[in-house]
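Notes follow once the structure below has been shown.
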Amino acid sequence: MTERRVDPDACVLCGACRAVCPIFMETLRECDVARGRVARVKYTGQQERFTAADREAFSLCLMCGRCLEVCKADLDIPHLMQRARAESGYAAGIPRLVAETLAKHPSRLSTVARLAATWHKWLARLPEDSGLRRRLGDSYLSAGRLLPSPPADPYLARQLGRRAQGDRKLALFAGCGAGWLLSEIGDAIDAILAALDLVAAVPAQNCCGLPAWGLGADDAADAGFAAWREAFSGNGYEAVLTPCASCAAHLQEHLGEGAETPLEEFFVWLARQELAVDLSGVKLAVHVPCHTRRGVRGGDAVTPMLREAGAEIVELPTALDEQCCGMGGTFGAQHTDLSRRIGLPKVDAMLEAEPAAIVSHCTGCLLQLRDLVRYRGSSVPVAHPVQWLAKGLTGRT
C-alpha cells in the first residue's frame with residue numbers, strides 16, 4: 029500500500045474534506061471534519077495534555093477514509109486519528125477491557141452478547157425517564173440498537189482444529205463476527221469450497237487486532253496481530269482466506285506485500301476460481317464496505333461476481349453508493365443517533381428498490397444494516413454475499 033502522511037502540519041486547510049465527511053454533513057461543525065480534528069491534534073500536541081473534550085472529538089471519526097480521496101496534502105486522517113486516540117488515553121476503562129478481551133479471548137464475544145441482551149431486557153423494565161436507567165444504560169442499548177442473538181453452537185466452536193483437504197492447502201480466518209456470532213457465514217463458505225472439492229483448515233485463532241487498533245489500544249492490537257501471525261504462519265498455506273473486508277484490510281496492511289502466508293479477502297480469491305453460480309432473477313442491494321473501497325487488495329470483487337452470476341444489482345446515486353453505513357467500529361456504539369442518521373439515507377434508497385436482500389461483506393456493516401432495516405420496520409433480509417452465492421451453486425464450470 030502507498031505510504032501516506034500522518035504529520036498534522038501537512039494539512040493545508042483547503043476544506044476539501046468538508047464535501048465528503050459523513051460526520052460533517054450531519055453536524056455542520058468545523059470541529060467534526062478532518063481539518064478541524066487535525067487542528068485539535070496539533071493543539072493538543074503543543075500543549076502535551078488531553079481533555080475529555082479532546083477524546084470525545086477524536087471519537088467522532090468513522091475512520092471510513094472518504095477524506096483520503098480528496099486530501100490535497102495526501103494526509104492519512106484515519107491513521108492520524110488512531111494515533112491521537114492512542115496518545116490521549118481514549119481506550120481507557122471499558123473500551124480497553126473489550127479490546128483486550130477480543131484480542132486474547134474472542135470466543136467470549138458470544139457470552140458478552142448474551143449478557144448484554146439480558147442487561148438490556150432488565151433495563152427495559154425501568155421507566156424511560158428513570159434516573160437509574162440513564163445512569164446504568166449503555167447508549168447503544170438505550171437507543172434500542174440491534175443485539176445479535178448468539179448461536180447455540182458457533183462456527184468456530186464446531187470447526188476449530190479442522191485440517192485442510194483437497195489438492196490445495198487453504199486456511200480460513202473467520203474473524204470474531206463470523207466465527208462467534210454469525211455462523212451462517214462460515215457454513216456458506218464451507219459449501220462453496222466443497223463445490224471446489226476443497227476444505228479449508230481452521231486453526232486456533234484470535235481477533236486480528238482491528239478493534240483494539242481503532243480504539244488506540246496499541247498493546248492489545250499488537251498482541252492480537254502477533255497471535256494471528258503465529259497461528260497462520262509457517263504451515264505452508266497457499267492462502268489464508270477471510271470473509272470480512274475489515275479484517276482483510278487490517279491484516280494486509282500489517283502483513284505488508286510479499287508476506288510468507290498470503291492473506292486474501294475471500295471474494296478476491298474466489299474470483300480467480302472456476303465456480304458456477306446462478307442467481308438469475310434475484311435483485312440484490314450491495315453495500316461495499318469502506319475497508320473494501322480503500323484497503324482490500326483487489327478492491328470490490330463482490331459486485332461483479334454477483335452480476336456475473338446473473339443477479340440484478342440495485343443502482344444507487346454515486347454519493348449514496350459510496351456512503352459509509354455509519355457503523356465505523358466503536359463509533360456506532362458510542363454515537364448511536366448520529367450513526368443511524370448517517371446510514372439511513374442509503375438503507376432507505378435500497379429498501380425503495382425492493383430487493384430480495386441487502387448484502388455486505390463486513391460483519392460490522394452487517395449488524396449496522398440489520399439494525400437500520402429493523403428500525404425502518406422492514407423485513408428485507410440482510411446477509412453476507414457468501415450466503416447468496418452458496419444458494420446459487422450449480423457446480424464447477
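Per the numbering used here, residue 29 is the first one in the sequence shown, and the count goes up by one each step. Don't be surprised by glycine CBs; every beta carbon is placed ideally from N, CA and C. Just so you know, these numbers come straight off a predicted model, no measurement behind them.
Taking each of Leu90, Ala232, Phe201 and Ala385 in turn and checking the Cα distance to arginine 368, the smallest one comes out for Leu90. Setting aside the 5 residues that flank it on each side, aspartate 104 is surrounded in the same chain by Arg32, Arg33, Val34 and Leu96, each with a C-beta closer than 8 Å to its C-beta; the list follows chain order. Just so you know, the alpha carbons of serine 261 and glutamate 288 end up roughly 7 Å apart. Taking a 10 Å sphere around the C-beta of tyrosine 265, we find 16 or more other C-beta atoms and assign the residue as buried. For threonine 270, the secondary structure class from DSSP, reduced to helix, strand or coil, is strand. Spatial neighbours of cysteine 275 in its own chain (CB-CB distance under 8 Å, excluding positions within 5 residues in sequence) are listed in chain order as Phe201, Gly203, Cys236 and Leu238.
Judged by DSSP in its simplified three-state form, glutamine 193 adopts strand.
With a 10 Å radius around the Cβ and a threshold of 16 neighbouring Cβ atoms, cysteine 42 comes out exposed. Beta-bridge partners of alanine 385 (DSSP): Leu312.
With distances taken between CA atoms, glutamate 382 lies nearest to Pro409 out of Ala329, Pro409, Val296 and Phe294. The three-state secondary structure of leucine 88, taken from DSSP, is coil. Straight-line spacing of the CA atoms in histidine 315 and aspartate 349 works out to 7 Å. The three-state reading of DSSP puts arginine 77 in coil, since its state is none of H, G, I, E or B. Annotation for cysteine 393: His315, Pro317, Cys353 and Met355 place their beta carbon closer than 7 Å to its own, counting only its chain and skipping 5 residues before and after. Look at valine 227 here: in three-state DSSP terms it is strand. Where glutamate 336 is concerned, the enclosing alpha helix (DSSP H) starts and stops at 330-336. Between glycine 214 and threonine 391 the beta-carbon gap is near 11 Å, outside 8 Å, which marks them as no contact. Shortest Cα-Cα distance from alanine 185 to any of Asn234, Asn263, Pro176 and Ala251 involves Asn234.
DSSP places alanine 199 inside the beta strand (DSSP E), whose first and last residues are 198-200. A straight line joining the alpha-carbon of alanine 347 with that of aspartate 60 spans about 20 Å.
Contact check between the stretch 67-77 and the stretch 188-202: fewer than three CB pairs, one atom from each, fall below 8 Å, which does not count as touching. In the structure shown, alanine 299 adopts coil according to DSSP, grouped into three states. Excluding five sequence positions before and after cysteine 45, the CB atoms of its chain that fall closer than 7 Å to its own CB belong to Val61, Ala62, Arg63, Cys95, Val98 and Cys99, given in chain order. For the options Pro176, Arg113, Ser211 and His389, the alpha carbon positioned closest to that of alanine 240 is the one of Arg113.
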